[in-house]
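Protein sequence lines, in the order shown, are assigned to chains G, F, L, Y, A and Z.
For the first sequence, numbering that gives the first Met the number 0 gives the first residue as 0, with consecutive numbering after it.
For the second sequence, numbering that gives the first Met the number 0 gives the first residue as 0, with consecutive numbering after it.
For the third sequence, numbering that gives the first Met the number 0 gives the first residue as 0, with consecutive numbering after it.
For the fourth sequence, numbering that gives the first Met the number 0 gives the first residue as 0, with consecutive numbering after it.
For the fifth sequence, numbering that gives the first Met the number 0 gives the first residue as 0, with consecutive numbering after it.
For the sixth sequence, numbering that gives the first Met the number 0 gives the first residue as 0, with consecutive numbering after it.
We treat Cβ as the ideally placed atom computed from N, Cα and C, and that holds for glycine.
Report on one structure; see the data block that follows.
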Amino acid sequence: MQLFVANLVVARGGRTIIDDLTFDVAGGEALLLTGRNGAGKTTLIRALAGYLRPIAGSVRLDGFDPERDVREACHYVGHLDANKASLSVMENVAFWQGYLGDGGSGTAAGDALWAALERFGLDALADIPAAYLSAGQKRRLSLCRLLVARRPLWLLDEPSVSLDAASTVLLADVIGEHVAAGGIVIAATHLPLGLGAARELRLGEQVAMS
Amino acid sequence: MQLFVANLVVARGGRTIIDDLTFDVAGGEALLLTGRNGAGKTTLIRALAGYLRPIAGSVRLDGFDPERDVREACHYVGHLDANKASLSVMENVAFWQGYLGDGGSGTAAGDALWAALERFGLDALADIPAAYLSAGQKRRLSLCRLLVARRPLWLLDEPSVSLDAASTVLLADVIGEHVAAGGIVIAATHLPLGLGAARELRLGEQVAMS
Amino acid sequence: MSGFMRLLRRDLLLAWREGGALGTALGFYLVVVALMPLGLGPDLNLLSRIASGILWVALLLAALLSLPRIFETDADDGALDVMALGTLPLELVAGAKSLAHWISTGIPLAIMAPVLGVLLNLEVRAYPLLFATMLAGTPAISFLGAIGAALTIRARRGGLLLALLVLPLYVPTLIFGITAINAALLSPDGFAASFLILSAISLVSVVLGPIAAAAALRTQME
Amino acid sequence: MSGFMRLLRRDLLLAWREGGALGTALGFYLVVVALMPLGLGPDLNLLSRIASGILWVALLLAALLSLPRIFETDADDGALDVMALGTLPLELVAGAKSLAHWISTGIPLAIMAPVLGVLLNLEVRAYPLLFATMLAGTPAISFLGAIGAALTIRARRGGLLLALLVLPLYVPTLIFGITAINAALLSPDGFAASFLILSAISLVSVVLGPIAAAAALRTQME
Amino acid sequence: MQNQSITQRLANPTRFMQLTDWLMPLTAAIAVVVIAAGLYLALFVAPPDYQQGETVKIMFIHVPSAWLGMMGYLMIAISSFGLLVFRHPLADVSAKAAAPIGAAFTLLALITGSLWGKPMWGTYWVWDARLTSVLILFFLYLGLMALRSALDDESLAAKQAAVLGLVGVVILPIIKFSVDWWNTLHQPASVVKLDGPAIHSSILVPLLVNAVGFSILFLALHMKAMRNEVLRRRVKALRLAEVERAAKRERTAAAPAE
Amino acid sequence: MLAMIDLGPHAAYIWGSYGAVALVLAALVAWLWFDGRRQRRLLAELESRGVRRRSDRG
Ligand code: HEM
Ligand SMILES: Nc1ncnc2c1ncn2[C@@H]1O[C@H](COP(=O)(O)OP(=O)(O)OP(=O)(O)O)[C@@H](O)[C@H]1O
Ligand SMILES: Nc1ncnc2c1ncn2[C@@H]1O[C@H](COP(=O)(O)OP(=O)(O)OP(=O)(O)O)[C@@H](O)[C@H]1O
Ligand SMILES: [Mg+2]
Ligand SMILES: [Mg+2]
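This is how it looks when you write it as structure tokens:
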């Protein structure tokens, strides 16, 4: 599995934010996106997930079912948590599991769900409406999506925001395992994530201003 | 001038966030509020500004016109920028100057306005609608309020968010001058602000949980 | 269970949990219908003559105001972004959400209409007709409305703009809905033709609405 | 210039700049009035009889949809917080913003009403009466509406709820607005009494609305 | 402790629960007895009216329902005042609990009135001032309940509902005096008048017995609803405490790692 | 016994209104009853899990 990004150009509001960017990431590799505010990290991630249509260039994912769209290979965890305040922790995760996953059999799916909740320390809160969670718990609830539906390409936009130290270590572990299993992780961040071997792509240096 | 906070208790959503907090800040002093996420920094600042009604305790500002409400002594700069996207930079600042200030005479007010814009490097952008500003410029536009209407007590909630290095230094200078002139600054922050002599109040440690 | 059914179930569950949604739509319907006689005067003959028209127009307005609910909260909390990554095409996402809107708003409003007919002195034999035409016509309201809801997710003052965008789309439904009832009250066989056209409009909307809404959603995400 | 005048000027400037606001309200008014004949059938006599009622009800709905604008954007971007620190009492803040709403929405809608009367075959001599009663009655719509707008700033599904809350408050205005016109059309001196009551309602609203709205805003900030 | 006023003693929710533990069933029992007596008088003893015939029997439930619909709103307005001015801890519980009950009685006044209107006026509904203002009262109840359901934050919802409750109170005089201000189809007041009731005692007595019975029933229902609300708030507080406990456990577990 | 009362030509309206009162009040009572039981059950559940309020402990 390998992600190729070639000569990517992305504009927002008439301004070119990403100008002729080329890089690739192999399976089993994590890439950190860094750069000052406004450098284009979020823009790049949203372009990779297919939310923004690039002006030029291509994004190609080798080793994934060529019949299917690249977006079906992606997990996206951004600033917004995509969970419903009036559903319980469990109901939220179960919905995304069914919706994003391949809809596997009942008991296996149930086990995976509980494993994810336990991993992120939410099992005690399973029946509580998401509205009552603290910011850090909400963030962990979003991260649960990564574990309940298996997808090779993880696109994370500042995933460690509002996590405490222990949870940040946990996140690094989860990312490490995914990479070790041959997956790809691309994460935008201002803070160190504690990933030993990750490659770094510094945005903003090459961008021509106005 | 001196701010006395005695036995303050503030609750949100039925939970006690600030529990029996006592401190005072003298004129010419800056106080940094720190503590982990959810420690209650924002809650404390909003209580001081009078947005939240404390359950118990008192906030008193000595040396300010006793006829007037404490809130009329405050500047509050929070996460939201309070500026209108469709008004120009100049129009935004001018409105707050007239609204928050004592409505001084025409030319003096105009001079103060220009001085503030220049100080924060926005003079070249004066006629541009606020919608076109970058995040850092938006933040500086909010900070301009501090300079155009003179008020002794500044309540700043994470004022350096999205500022670049040069602007952070500028902010430290502005705070320093206000303090040197006998004003009071209370700022919540996760990042160092570069204020040499500031006192620090660490929240969250003394809060009794449940 | 398919993604479509899951999404439908979730939206219905949310409409139920976040309570009030339905109650408020029904309450608004009641209030608008009650305002009309205040505006038009208490003459019961006059009221009963225009009752079906008023009930239809007020239903349109009540449904209209609840349209933003279709996409707005999911767009605000990022759920729509994640949904776009699913295997379910965005057209079906829009379809499931429109269907949920119809079930949770359209059907209750249609059921409520004959009840409100009492306030307007509606002829008793018009009750079943009113209910039948509304049941046949309300899908068009939800599915066409979804287009407007998708277009205005990020617009300031979405509500007003939404109204302006979709009300013209509702005109055919409104005309044939009322024609059907009036035809039936005059001659027993005049009903069928208008009713068929009304159903046809709804069917076309059920197909066209989600396609157009999905297109709007795609541009919205950028 | 006082804080009140500054705020009023700013709100009017914003209503103007953010364009559309007024245009959309007028557009909605036009669409609703145009829908009515479709709903009620094209009988011109009937239409002209109920024209003033329809124009009033539609005006209420159009104004209603633009009510959230009074406080919503200022609450969303934190401007309301900063305003609370000014020397101007919150009651006057609410008053200035309601007044701006009346000037930017109420007056244009009142001017538009006689124009739309043409669509409904309104009697010519009713035009000035319609305009006069609407001018006298619309302040109540803006100032009472401000209460609902302040109450629903942080509510889910604000629009529908707002409608449910304020429409009952509008009933007296509606009743006396229409009574005034009808009285005038029947006998030349029946107009004065209703018109005076209508003006009295508006005056009471101008006082009561900002006080209640300010109370709601204060609790809103917590 | 001994010389506390009754409101002070009631102010404590725990005390309130203890008190109503026996008071509520007692009130309910009295209500059932009085209403049974009232219904007996109404159905078997009261003579038909010389004008309205047997339909006058509807009055025995219509009028109490209408009175209680209005009293429910008055209760809400007073509670709202208590919340906004005195910050009484049970005021909001009372206001919230009264809304559905008052709405139910208002709905009953509308239904029974309509059913009476058909034989008397030949139609279920007319847009007369009394009927319209009662309908608006019903809308106000709906608005109050919808407002609460739309606000997540309970203390915010309480205060907002209190503001609306106080603004809406102008409807009560309008209902009361609408029949005097405009001449309408509906009966003007004949029971509650300055110069004493204007109806015959054979009808007045069952009416008053029923009115007293319904009022006691209202109190019992209100107490029950308040008890439920107090319990609901306890459940919510415990849930929050549970979440907090879990969060704290994690923090202490994480502490060594820091 | 009730059948003995002759309510004349409008009996349906009279019984209708008495029936409506019975129905609405019964619904209200049932709702309050079940709601109360539900809250008690939830409370018992939470307490059996060892969750206590501060005031209950001291
Ligand atoms: C939906 C229709 C109706 C509504 C909403 C309604 C509402 C009310 C209200 C609110 C009251 C209490 C007024 C007060 O205490 O001053 C009342 C009293 C009364 N109503 Fe109705 N009513 C309706 C229909 C009728 C009809 C059809 C009749 C009989 C022809 C009727 C006869 C009475 C009588 C006799 C009283 C007692 C008046 C008194 O002694 O104060 N009502 N109604
Ligand atoms: N919707 C938009 N329309 C127009 N311009 C935009 C839009 N969103 C972002 N921009 C601009 O695009 C540039 C890149 O934004 P982006 O969000 O990608 O930055 P970032 O690197 O993620 O910054 P941060 O560190 O703050 O997250 C910025 O200059 C910003 O002003
Ligand atoms: N509106 C609210 N209703 C109920 N609880 C709230 C509300 N706002 C905040 N809280 C809770 O109050 C606590 C303190 O929040 P506060 O915003 O003061 O923290 P903070 O110290 O400013 O954190 P941060 O570093 O994230 O800004 C948190 O536990 C939060 O969950
Ligand atoms: Mg970013
Ligand atoms: Mg904070």
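Cross-chain neighbours of residue i in chain A, by beta carbon under 7 Å
i                : result
ILE174 (chain G) : Per Cβ cutoff of 7 Å: no residues; ILE174 (chain G) is ~18 Å from chain A at best.
ALA130 (chain G) : ASP151
ALA33 (chain L)  : LEU134
Beta carbon proximity, residue i to chain Y, threshold 8 Å
i                : result
TRP55 (chain L)  : yes
LYS158 (chain A) : yes
Proximity test, Cβ basis, 8 Å: residue i and chain L
i               : result
LYS83 (chain G) : yes
LEU79 (chain G) : yes
Range of the contiguous alpha helix (DSSP H) that encloses residue i
i                : result
GLU28 (chain F)  : Here GLU28 (chain F) belongs to no alpha helix (DSSP H); instead the beta strand (DSSP E) covers 28-33.
VAL69 (chain G)  : Taken as a continuous stretch (DSSP letters only), VAL69 (chain G) belongs to no alpha helix (DSSP H), as it is neither H nor E.
ASP10 (chain Y)  : 2-16
LEU143 (chain A) : 128-149
ALA102 (chain A) : 90-120
VAL88 (chain G)  : 88-99
LEU115 (chain Y) : 106-116
HIS61 (chain A)  : 58-80
SER141 (chain L) : 125-150
ARG48 (chain Y)  : 43-65
LEU197 (chain Y) : 190-219
Helix, strand or coil at residue i [DSSP, three-state]
i                : result
VAL75 (chain G)  : Reading off the sequence shown, one finds Tyr at residue 75 (chain G), where the question assumed Val. Of the three classes helix, strand and coil, the one that applies to TYR75 (chain G) here is strand, per DSSP.
ILE127 (chain F) : coil
GLU44 (chain Z)  : helix
ARG201 (chain F) : strand
ALA25 (chain F)  : strand
ASP222 (chain G) : Since the first and last residues shown for chain G are 0 and 209, residue 222 (chain G) lies out of range.
GLY135 (chain G) : helix
GLY22 (chain Y)  : helix
GLY85 (chain L)  : coil
GLY49 (chain F)  : coil
ARG231 (chain A) : helix
ARG118 (chain G) : helix
ARG149 (chain F) : coil
Limits of the unbroken beta strand (DSSP E) element including residue i
i                : result
ASN6 (chain F)   : 1-11
GLY56 (chain G)  : 55-61
LEU155 (chain F) : 152-156
VAL184 (chain G) : 183-187
Proximity test, Cβ basis, 8 Å: residue i and chain F
i               : result
VAL81 (chain Y) : yes
GLU90 (chain Y) : no
CB contact check: residue i to chain Z, cutoff 8 Å
i               : result
SER64 (chain A) : yes
ASN11 (chain A) : no
Cβ of residue i within 8 Å of any chain G Cβ
i                : result
VAL242 (chain A) : yes
ASP76 (chain L)  : yes
Any chain A beta carbon closer than 8 Å to residue i
i                : result
ALA123 (chain G) : yes
LEU37 (chain L)  : yes
ASN44 (chain L)  : no
THR172 (chain Y) : no
ALA43 (chain Z)  : no
SER16 (chain Z)  : yes
Proximal chain Y residues relative to residue i, where beta-carbon distance stays under 8 Å
i               : result
GLY40 (chain L) : ILE49, GLY52, ILE177, ASN181
Contacts of residue i in chain Y (Cβ-Cβ under 9 Å)
i               : result
GLY73 (chain A) : Looking at the sequence shown, residue 73 (chain A) is not Gly but Leu. Those do not exist, as LEU73 (chain A) stays about 17 Å from chain Y at its closest Cβ, beyond 9 Å.
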